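Asker: If you scroll down you'll find the structure; I have some questions about it.
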Amino acid sequence: MKISAAIAPRHLRRLSAATLLSLGLSGVTHADITVGVILSTTGPAASLGQPAENTVKLWPGSIAGQKLKVISVNDNSDPTEAARQAAKLITENAVDVIVGPSITPPSIAAMEVAGRNSTPIIALGGGNAIIEPQEGSRKWAFKMPAPEAISVERALDHMVKNKVKTVAAIAVTTSYGEGFLKAFNAQAPAKHLQIAATERYGAQDLGVTAQVLRIMAAKPDAVYIFSFGTPAVLPQAELAKRGYKGKIYQTHGIANADFLRVGGKSVEGTYLAVAPVLVAEQLPASDSTKKQGMEYVKKYESQYGPGTRSLFGSTAWTALNWLQATVPVALRQAKPNTPEFRQALRDALENMHEVVSPEGVFNMSPGNHNGIDARGQVMVEIKDGKWKYIP
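According to mature numbering (1 follows the signal peptide of the UniProt record, and there is no 0), the stretch in the sequence shown is residues -31 to -1, 1 to 360, in order.
Structure below.
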């Protein structure tokens, strides 16, 4: 229904709120849900951010009958830029929620800004430092990749099963690498695994020869690499070049096609604990995530080609699943683009129960803003350049 141009302004001012609502003039009632998306589409983490960006393009145009407005920005894999972009999204775009950034250090930087401004953030970075301890700004932060402890335990159990006795570790010098190294150091002794050597390297380093030579001198049965994206290829390629014959383990930070492409033959035989979506069609029918995983893989690969799936695209789809589960709850409390809606959305995220996605099954609580359990990790091997599920 249209208002006649003949209606004078003074008459329009006399229309009741109910009349305005029936005429569709209430902007607040029909306010869009505004989502700010921060991804690393350039820089060292580009191989993580790009599939997430592709996935966001597959999001629907609405949730619970409310139009979804998505504003995507690039943080160049840099924490300072992530903080700047978060501040801009909040102050200039009045976003209801932030999704991202792609990796841990930028996620922590953006989390601080979001929390100070009472805006919920669904981080795609893997480090538990994003959400722990649950105080201050972190009360507004949620993250979906499995905690380091769950991932490391699955990998260490595989080592024990395969009679590994000594393990060396090499970690990228970021909060992501340090978080995994901390979990490894805590759990390995309890599994009766001896830590033969520990090395570190930078995500933008061009060589790790010295570190690898020290690792090989320790003669470990296995090497566990704590890194992400294509930078994770560097130590493994050097180990292969030096003729290392032991087992090599990586983290879920490598679960994308670019790692396989860049690593080539040097990454054959790698083991990793990872979200089940990476091998969705290989999972048993009883797996809780198989249906959701297959739906995502079909949607993504029909758009971008066979074999293009990525764990880091899937995290962006899981963020959508979370919003689909919680936005209807928040809408019962308040309208979008208001402080009350942001608070209600934060509270709904914190109280999610048995929300299933390609990444796992999530049960949140005030003390746990990740909510995933062992169902969110499976063991996978790289074989013939592909991901192979290990039952």
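We put the beta carbon where it would ideally sit given N, CA and C, even for glycine.
Just so it is clear, the structure is predicted and the values come from calculations on it, not from any experiment.
Less than 8 Å between the C-beta atoms of residue 205 and residue 194, yes or no?
Answerer: Yes; because the gap between Cβ atoms is below 8 Å, this pair is in contact.
Asker: Go through its chain and collect everything with a Cβ distance to residue -8's Cβ below 6 Å, but skip five positions before and after it.
Answerer: Here residue -8 scores only 37 on pLDDT, less than 50, and its place in the model is too uncertain to base an answer on.
Asker: Below 8 Å between beta carbons: does that hold for residue 262 and residue 275?
Answerer: no
Asker: Given a threshold of 16 other Cβ atoms within 10 Å of its Cβ, counted over all protein chains shown, does residue 370 qualify as buried or as exposed?
Answerer: Outside the shown range of the chain (-31 to 360) lies residue 370, about which nothing can therefore be said.
Asker: From which residue to which residue does the beta strand (DSSP E) around residue 365 run?
Answerer: Because the chain here runs from -31 to 360, residue 365 falls outside it and cannot be looked at.
Asker: Is it buried or exposed for residue 353, if we count other Cβ within 10 angstroms and need 16 for buried?
Answerer: exposed
Asker: When you compare the stretch 276 to 285 with the stretch 44 to 60, are there three or more beta-carbon pairs, one atom per stretch, that lie closer than 8 Å?
Answerer: no
Asker: Sort 184, 241, 83 and 233 by Cα distance to residue 214 and report the nearest one.
Answerer: 184
Asker: Where does residue 291 fall in DSSP's three states?
Answerer: helix
Asker: Just to confirm my understanding: we take residue 386, look at its own chain, exclude 5 residues before and 5 after, and list those with CB closer than 7 Å. What are they?
Answerer: Because the chain spans -31 through 360 in this model, residue 386 falls outside it and cannot be assessed.
Asker: DSSP state of residue 286, grouped into three classes?
Answerer: helix
Asker: Taking C-alpha atoms, which residue in 342, 155 and 252 lies nearest to residue 119?
Answerer: Comparing Cα-Cα distances from residue 119 to each of 342, 155 and 252, the minimum goes to 342.
Asker: Helix, strand or coil for residue 175 per DSSP?
Answerer: coil
Asker: Looking only at C-alpha atoms, which of 145, 148 and 134 sits nearest to residue 187?
Answerer: 134
Asker: Where does residue 143 sit, in a helix, a strand or coil, going by DSSP?
Answerer: coil
Asker: Cβ of residue 24 within 8 Å of Cβ of residue 358?
Answerer: no
Asker: For a test of the three-state rule: what should DSSP assign to residue 86, helix, strand or coil?
Answerer: coil
Asker: Using a Cβ-Cβ cutoff of less than 7 Å, which residues in the same chain neighbour residue 84 once the five nearest sequence positions on both sides are dropped?
Answerer: 105, 106, 107, 108, 109 and 110
Asker: Just checking, does the stretch 141 to 154 make contact with the stretch 71 to 79 on the three C-beta pairs under 8 Å criterion?
Answerer: yes
Asker: Would you identify the three-state DSSP class for residue 228, choosing helix, strand or coil?
Answerer: Of the three classes helix, strand and coil, the one that applies to residue 228 here is helix, per DSSP.
Asker: Can you check DSSP and say which residues form a bridge with residue 264?
Answerer: Bridge partners of residue 264: none, in fact.
Asker: Please state whether the Cβ-Cβ distance between residue 225 and residue 89 is less than 8 Å.
Answerer: no
Asker: If you draw a straight line from the C-alpha of residue 308 to the C-alpha of residue 114, how long is it?
Answerer: Approximately 27 Å between the Cα atoms of the pair.
Asker: Tell me whether residue 339 is buried or exposed, calling it buried when 16 or more other Cβ atoms sit within 10 Å of its Cβ.
Answerer: Its Cβ being crowded by 16 or more others within 10 Å, residue 339 is buried.
Asker: What is the DSSP secondary structure of residue 368, counted as helix, strand or coil?
Answerer: Residue 368 falls outside the range modelled here, since the chain spans only -31 to 360, and no answer is possible.
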